[in-house]
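Novice:
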Amino acid sequence: MVAEAGLEADMTSTKTTGSTSDHPPAQGPENTQEIEYMQQDCKKNKMKGESNKTVPFYKLFSFADSWDCLLMVVGAISAVGNGISMPLMTILIGDAIDAFGGNVDNKQAVVHQVSKASLKFASIGAGAFFAAFLQVACWVITGERQAARIRGLYLKAILRQDISFFDKDTNSGEVVGRMSGDTVLIQEAMGEKVGKFIQYVACFFGGTVIAFIKGWLLSLALLSSLPLLVLSGSVMSFAFAKMASRGQTAYSEAATVVERTIGSIRTVASFTGEKQAIAQYNQYLIKAYRVGVQEGVAGGFGFGLVRLFIYCTYALAVWFGGKMVLEKGYTGGQVISIFFAVLTGSMSLGQASPSLTAFAAGQAAAFKMFETIKRQPDIDAYDTGGRLLDDISGDIELKEVCFSYPSRPDEQIFNGFSISIPSGTTAALVGQSGSGKSTVISLIERFYDPQAGEVLIDGINLREFQLKWIRQKIGLVSQEPVLFACSIKENIAYGKDGATDEEIRAAAELANAAKFIDKFPHGLDTMVGEHGIQLSGGQKQRISIARAILKDPRILLLDEATSALDAESERVVQETLDRIMINRTTVIVAHRLSTIRNADVIAVIHHGKVIEKGTHAELTKDPDGAFSQLIRLQKIKRESDQYDANESGKPENFVDSERQLSQRLSFPQSFSLESSGRGIDSQRSFKISNAMPTSPDLFETSEGGPEVLPSAASNKPQEVSLLRIAYLNKPEIPVLLLGTVAAAATGAILPTVGLLLSHMINTFFEPADELRKDSKFWALIFVVLSVAAFIFIPLRSYLFAVAGSKLIKRIRLMCFEKIIQMEIGWFDKAENSSGALGARLSTDAASIRTLVGDALGLLVQDISTAITALVIAFDANWQLSLIVLVLVPLVLLNGNLQMKSMQGFSTNAKKLYEEASQVASDAVGNIRTVAAFGAEEKVMELYQKKCVGPIQTGIRQGLVSGTGFGLSLFFLFSVYACSFYAGARLVESGKTSISDVFRVFFALSMAAIAMSQSGFMTPAASKAKSSAASVFAILDQKSRIDPSDESGMTLEEVNGEIRFHHVTFKYPTRPNVLIFKDLSLNIHAGETIALVGESGSGKSSVISLLQRFYDPDSGQITLDGTEIQKLRIKWFRQQMGLVSQEPVLFNDTIRANIAYGKGDDATETEIIAAAELANAHKFISSLQQGYDTLVGERGIQLSGGQKQRVAIARAIVKSPKILLLDEATSALDAESERVVQDALDRVRMDRTTIVVAHRLSTIKDADSIAVVENGVIAEKGKHETLLNKGGTYASLVALHISASSSS
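In UniProt numbering, the protein residues as written are 1 to 1303.
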């Protein structure tokens, strides 16, 4: 009976297994032996195949430590004790019934015997309290600890994998999804559900033993229904496991869309890709919704079958029990004891089925994670084997190397490639984009192993070295600087374990980064944002160079290390690199040939072969050689620059600028000030603005930096009313109404059963004839009731599954829509990173479902149970009913206090878990940098640090939950004790009859059970309320710049005239630092204007303001005379095409990436035409899959130049009226740059074009050039005019020519 109602609680919690829980992560000690053991099993599993994608149940506990084992033993013993408390209660019920029925004329004896039974009830209740407390607390805590350890081991295993694993098998979105989603399922399967399962199994055996002791014949008859109960539970569990796996796959795919979209939000906003992202996300949510409904149908049908068999067992008990009383001399109490003992035991198996479902879901979820944990990579970052030398000299040789990328095995990159680089020399690799230059770097770093041939260092095969040790001897500076979402100091410190502040400072100074860092209010402690978005490209590159300098490597790999820098910074950084390259073996991959003139050897690579090799002097002797042709391409541009400068007459102050150049290089900030003639006040101001990043800086609120915009994560969660949450389900009102009716009918069944039980007891004490007749009648009524239950339970489950699944889908979609409609400044905050938002989307909506969908069904069912029970009880005897009801408020108070306590725990854990998720997302997204710097342990330390709080919260949660569960059971037993004792006293005083006592007892015990279910629902409900606050914090955000706003105006024809009127601007997260002060700029229609200035001067901020990523604080920006804030934002952005400095491609095909520029509406002809214009068609066609080639996460499968050309094609296919080029050709080699520049020159005809450039050769032909300095336009005019003026621009050109002349 108690078990039967408890089944209802488990029905609700099980249907949302894996999604309702939001247990915070933590990290504990690792079980290395078990990992090795599991790795040995890997081959066996491969042989079996992956048709059965689950792990054995016992394997879930593979990572338990000794404390976990102790907790599990104590929890298991306590669960056994808790489980047998119910069968013991059936003995007391039988004794009480015999006391009432067998002493009708001796009321004193009734009171005496019932009083003894009541005391025993209270004693069992006290024991159940302690057992239940230990059971829940131990299993919740050990589940928390083990799940935390699995999360940590999974992340550690992910960081351990070779780079090919990330090319083919996973991405950061999937990792975060599994760590925040799948581990919850695993935790469910190894935590509280295990305790419940043991409890129910103990209850079954205890009930069965007691039943056979009391009367074996009746027990055997009643147990005949057991196989049917077990079969129905098994079928349901199998169906649940299958659908849980499908549901998790769909949610994992959806999580990838979230991470990809938010991580590239600027690209999405620029190309108005919000609708595409929403449509793709919705596509995966629909799949998950269908699985959710199927889950509800399977669950409802399974539970309906269970109740059908249970009530048919009731019918059998009435009829056969009557026969036993008549023929075998059983007493009424004996029959009832046997009946309840068998029923309690049998139903415990039914109640165990939700646990089996959770086990199945956990086993399915664990499969992929455990496969990753036990996966032994070919290139193992944690392998401590291999050779260790005192040091290396740095000889590098690639001998007859054959190589193709694992993700594209049919495309040969190298076929017999050989090159030798002696120790201490500098080798430069040049060639067209995509020729294989960066692949050499990847092979030296041992990101990949060649399929044939050898990579040798000091004559030793790279495979023979300990990987971590040899990577410590190699320093890498990549073409695209990769920074982590932490402080500048922490980013530089990745270069060396245990680096001191002095060493970090020295490295920053060597990399010419100290000056701009010092301008930040927080200096080295300044947060760089996700992917370093708070810094300009040049600033990011200098920090990455400082990171490499700190490493003090024997081998230095520079993959376009200075490509993102302006001329001044490049000169200083190049001199720095030249200094640190001394006595080191250096491999340079370069497009700018001026940076490699002094290389000891230059190798020209073409189609995976070294076609020329020699010194600069040797290679230039052959005018028809490949290297000479590359030199000629760049020389044309350089000579053109110098000619233009010379023809302009070279004013005196221009000559002075050249003469004084060497002095100014040491003080680059003052250099611009002197030539611009500004005073001391301006100098101070300029020093601040000159160090400004092109995106806002971000400060940690923990250090006292003020937050301007309110955020859900940083503020205390608001109280959310249940009505508001329920309103989200408004479209499903008809479904919910039908579900409510079905739930009410289901709820009324329980007290009706209680009423029938009281009649059944009376029947056993009737004369023989009446007993024979009435037993058949009540048996028939129970059969009718079983059919009703089989109809209403599946109906209720289906209807609430529809409503609940639609709610999950709606909330996720609403939140995602709201998120991507927020202004860009909102994403500059740490709590709104892709990892944090992805974790919130994956858990919050499912948690709310338990509060609205499932909990609503249970609430209606409980109310129906309570009302029906009260009517029956008060109709029988109001005095006894009132006495029993005194205890009900205690049950309710217990549940409420428990929920309040746990809600606080849940909120804190959520915030901390989001921070941990971001660490994981960052590490996987930047896996090459993590591998190159051997930072795997550093990442794990940071992750573990973020997880200390959640594990402590989980322990407190287990203690509170255990206390609540124990109190619920204690109060329940107290209800029984009071009912019988008070009933006996009332019978003694003649105020009621024995029959009415049982009516009140059975009716109100059902109501008490319903109320006590708050104990079962408390953890889910507290998490749901916390999640609801989190969701509404997102939904209540008001976007200052909403791309979905259709209210703005559009222009019939766009000419492209742009004006900045007295614009003042500060980034929202850095309100005390002025970026622009009274900036004015006119750009005529069809004109090409170039923005120049030092790195971090604010050039790219002009583009950000023009695209309305941000709005100015004052002033206006107009398009064709109309203020852009009055224009419909989506239409307005569609008029612009952006090509950024760092191309962002999505993990899709090349065709899809190009088509993205036109909202996926581009035809095949338009796609190919755009690719041809961008000089991309040729290399795309040469790929095995052509335009269907997958580019990998963030375009990792393509070279830098190839990515940039795809990005240019994406902008061209848009046919924009305004073209925005932010260092659009910086990543291209000379030949590609020439062709692409020609293409850009063609496509910008009749278009307004804004070019941001460091390389002055790319903008000398612009119609107008504007110098951004000190927050204003310092100079503006044509190239020749500005040279003649002899101001800042002339100084920048002099510096550029000086830097170039060395070649």
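For glycine and all other residues, C-beta sits at the position ideal for the given N, C-alpha and C.
The structure displayed is predicted, hence computed values, not measured ones.
#1: I need the straight-line Cα distance from Asp497 to Ser164, nearest angstrom please.
#2: Leaving out the 5 sequence neighbours to the left and right, which residues in its chain are closer than 7 Å to Ser1100 when beta-carbon positions are compared?
#3: Beta carbon of Ala131, beta carbon of Leu959: below 7 Å?
#4: When the Cα atoms are used, what is the spatial distance from Ile158 to Lys1178?
#5: Classify His1062: buried if its beta carbon has 16 or more other beta carbons within 10 angstroms, exposed otherwise.
#6: With burial defined as no fewer than 16 other Cβ atoms inside 10 Å of the residue's Cβ, what is the status of Ala1294: buried or exposed?
#7: Which value, in whole angstroms, describes the spacing of the CA atoms of Leu841 and Asp378?
#8: DSSP has Asn82 in a bridge; who is on the other side?
#9: Considering only C-alpha positions, which residue in the set Val201, Met89 and Ser1264 is nearest to Ile1280?
#10: Are the beta-carbon atoms belonging to Ala177 and Ile336 less than 7 Å from one another?
#11: Is the region 380-389 in contact with the region 573-591, if contact means three or more CB pairs nearer than 8 Å?
#12: Under three-state DSSP, which class holds Val140?
#13: With a threshold of 8 Å, are at least 3 pairs of Cβ atoms found where one atom belongs to the region 771-785 and the other to the region 342-350?
#14: Please confirm if the region 1163-1181 is in contact with the region 1075-1085, defined as three or more CB-CB distances below 8 Å between the two stretches.
#15: State the start and end residues of the unbroken alpha helix (DSSP H) segment that holds Glu509.
#16: Going by CA-CA distance only, name the one from Ala845, Leu1091, Arg928 and Gln879 that's closest to Lys1025.
#17: Are the region 106-118 and the region 211-230 in contact at 8 Å, needing three or more beta carbon pairs?
#18: Could you name the residues that DSSP lists as bridge partners for Gly475?
#19: Could you check whether Val325 and Phe764 sit closer than 7 Å to each other, using their CB atoms as the reference points?
#20: Straight-line CA distance for Pro623 to Thr1189?
#21: Excluding five sequence neighbours on each side, which residues of the same chain lie with their C-beta closer than 7 Å to the C-beta of Asp68?
#22: Using the beta-carbon count (16 or more within 10 Å), is Glu259 buried or exposed?
#23: Measuring CA to CA, which of Ala916, Arg1133, Ser85 and Ile1089 is closest to Met179?
#24: Only counting the same chain, and skipping five residues up and downstream in sequence, which positions put a Cβ closer than 6 Å to that of Lys1285?
#25: Across which residues does DSSP place Asp1222 in a beta bridge pair?
#26: Between the alpha carbons of Ile35 and Val55, how many angstroms are there, rounded?
#27: Using 6 Å as the cut-off, classify the Cβ of Phe367 as near or not near the heavy atoms of the ligand FMN, replying yes or no.
#28: Flag this pair as touching only if the region 1130-1142 and the region 1043-1051 have three or more C-beta atom pairs under 8 Å; answer yes or no.
#29: Classify Phe520 as helix, strand or coil using the three-state DSSP reduction.
#30: Do you know how far the Cα of Ala255 is from the Cα of Ser834?
#31: Taking Asn1082 as part of the beta strand (DSSP E), name the residues at either end of that continuous run.
#32: What are the uninterrupted segments assigned as alpha helix (DSSP H) that are 4 or more residues long and contained completely in the region 797-866, given in chain order?
#33: Going by CA-CA distance only, name the one from Gly191, Leu92 and Asn415 that's closest to Ile955.
#34: Is the region 433-453 close to the region 605-616, with three or more CB pairs under 8 Å?
#35: Taking the alpha carbon of Ala1169 as the point to measure from, which residue in Gln1185, Gly1159, Ser1182 and Arg1151 has its own alpha carbon closest?
#36: In the structure shown, what three-state DSSP assignment does Gln1185 receive?
Specialist: With the structure as the only source:
#1: Within the sequence shown, residue 497 is the residue found at index 497, counting from 1. Within the sequence shown, residue 164 is the residue found at index 164, counting from 1. Whole-angstrom Cα-Cα distance: 26 Å.
#2: Residue mapping note: residue 1100 aligns to position 1100 of the sequence shown, counting from 1. Ser536, Thr694, Asp1222 and Val1252, listed in sequence order.
#3: For this step, residue 131 is matched to residue 131 along the sequence shown. For this step, residue 959 is matched to residue 959 along the sequence shown. In this structure, Leu959 does not lie closer than 7 Å to Ala131 by Cβ.
#4: As a first step, residue 158 is located in the sequence shown; it is residue number 158 there, counting from the start. As a first step, residue 1178 is located in the sequence shown; it is residue number 1178 there, counting from the start. If you take the alpha carbons of Ile158 and Lys1178, they lie about 36 Å apart.
#5: To locate residue 1062, count along the sequence shown from 1; it is residue 1062. It counts as exposed.
#6: As a first step, residue 1294 must be located in the sequence shown, where it is residue number 1294. Counting Cβ neighbours within 10 Å, Ala1294 comes out buried, since at least 16 surround it.
#7: Residue numbering aside, residue 841 sits at position 841 when the sequence shown is read from its first letter. Residue numbering aside, residue 378 sits at position 378 when the sequence shown is read from its first letter. Distance between the alpha carbons of Leu841 and Asp378: 35 Å.
#8: Start at 1 with the first residue of the sequence shown, and residue 82 comes out as number 82. DSSP, once it has assigned bridges, lists no residue as partnering Asn82.
#9: Counting from 1 along the sequence shown, the entry for residue 1280 is found at position 1280. According to the sequence provided, residue 1280 is Glu. The question's Ile does not apply to it. The residue with the shortest Cα to Cα distance from Glu1280 is Ser1264.
#10: The residue labelled residue 177 in the question sits at position 177 within the sequence shown. The residue labelled residue 336 in the question sits at position 336 within the sequence shown. It should be noted that the sequence gives Gly, not Ala, for residue 177. No; because the gap between Cβ atoms is not below 7 Å, this pair is not in contact.
#11: As far as the Cβ criterion goes, the region 380-389 does not touch the region 573-591, which means the pair count is below three.
#12: Taking the first residue of the sequence shown as position 1, residue 140 is located at position 140. Three-state result, Val140: helix.
#13: The way I'd put it, the region 771-785 doesn't touch the region 342-350; fewer than three beta-carbon pairs between them come closer than 8 Å.
#14: Pairwise C-beta distances place the region 1163-1181 out of contact with the region 1075-1085, as fewer than three of them are shorter than 8 Å.
#15: Your numbering for residue 509 matches position 509 in the sequence shown. Counting along the chain, the alpha helix (DSSP H) containing Glu509 begins and ends at Asp501 to Leu510.
#16: Residue numbering aside, residue 1025 sits at position 1025 when the sequence shown is read from its first letter. Nearest option by C-alpha distance: Ala845.
#17: No, the region 106-118 does not touch the region 211-230.
#18: The residue you call residue 475 lines up with position 475 of the sequence shown. Leu556.
#19: Here residue 764 refers to the residue found at position 764 when the sequence shown is read from its first residue. Here residue 325 refers to the residue found at position 325 when the sequence shown is read from its first residue. In contact: Phe764 and Val325 (Cβ atoms closer than 7 Å).
#20: Along the sequence shown, one-based indexing puts residue 623 at 623. Along the sequence shown, one-based indexing puts residue 1189 at 1189. Taking the straight line joining both Cα atoms gives about 37 Å.
#21: As a working note, residue 68 is residue 68 in the sequence shown. Cβ neighbours of Asp68 within its own chain (closer than 7 Å, five residues either side excluded): Thr142, Arg145 and Gln146.
#22: As a working mapping, residue 259 is identified with position 259 in the sequence shown. Answer is buried; the Cβ neighbour count reaches 16.
#23: Residue mapping note: residue 179 aligns to position 179 of the sequence shown, counting from 1. Closest option to Met179, Cα to Cα, is Ala916.
#24: The residue labelled residue 1285 in the question sits at position 1285 within the sequence shown. Sequence-distant Cβ neighbours of Lys1285 in its own chain, meaning closer than 6 Å and more than five residues away, do not exist here.
#25: One-based indexing of the sequence shown puts residue 1222 at position 1222. Listed as beta-bridge partners of Asp1222 by DSSP are Val1252.
#26: The residue you call residue 35 lines up with position 35 of the sequence shown. The residue you call residue 55 lines up with position 55 of the sequence shown. Per-residue confidence for Ile35 stands at a pLDDT of 39, beneath the threshold of 50, marking its modelled position as unreliable; no derived number is given.
#27: You won't find the ligand FMN in this model; it holds no ligand whatsoever.
#28: The region 1130-1142 makes contact with the region 1043-1051, as at least three CB pairs between them are under 8 Å.
#29: Taking the first residue of the sequence shown as 1, we reach residue 520 at position 520. Secondary structure at Phe520: coil, using DSSP grouped into helix, strand and coil.
#30: Position 834 of the sequence shown, counting from 1, holds the residue named residue 834. Position 255 of the sequence shown, counting from 1, holds the residue named residue 255. Cα-Cα distance, rounded: 10 Å.
#31: Along the sequence shown, one-based indexing puts residue 1082 at 1082. That run of the beta strand (DSSP E) goes Phe1076 to Ile1083.
#32: If one requires a minimum length of 4 residues, the alpha helix (DSSP H) runs lying completely within the region 797-866 are 824-827 and 834-849, in chain order.
#33: Working through the sequence shown from its first residue, we reach residue 955 at position 955. Out of Gly191, Leu92 and Asn415, Gly191 has the C-alpha closest to the C-alpha of Ile955.
#34: Yes, since at least three Cβ pairs between the region 433-453 and the region 605-616 fall closer than 8 Å, the two stretches touch.
#35: For the purposes of this step, residue 1169 is taken as residue 1169 along the sequence shown, with counting starting at 1. Residue Arg1151 holds the alpha-carbon nearest to the alpha-carbon of Ala1169 among Gln1185, Gly1159, Ser1182 and Arg1151.
#36: By 1-based counting over the sequence shown, the position of residue 1185 is 1185. Gln1185 sits in coil when the DSSP states are folded into three classes, being neither helix nor strand.
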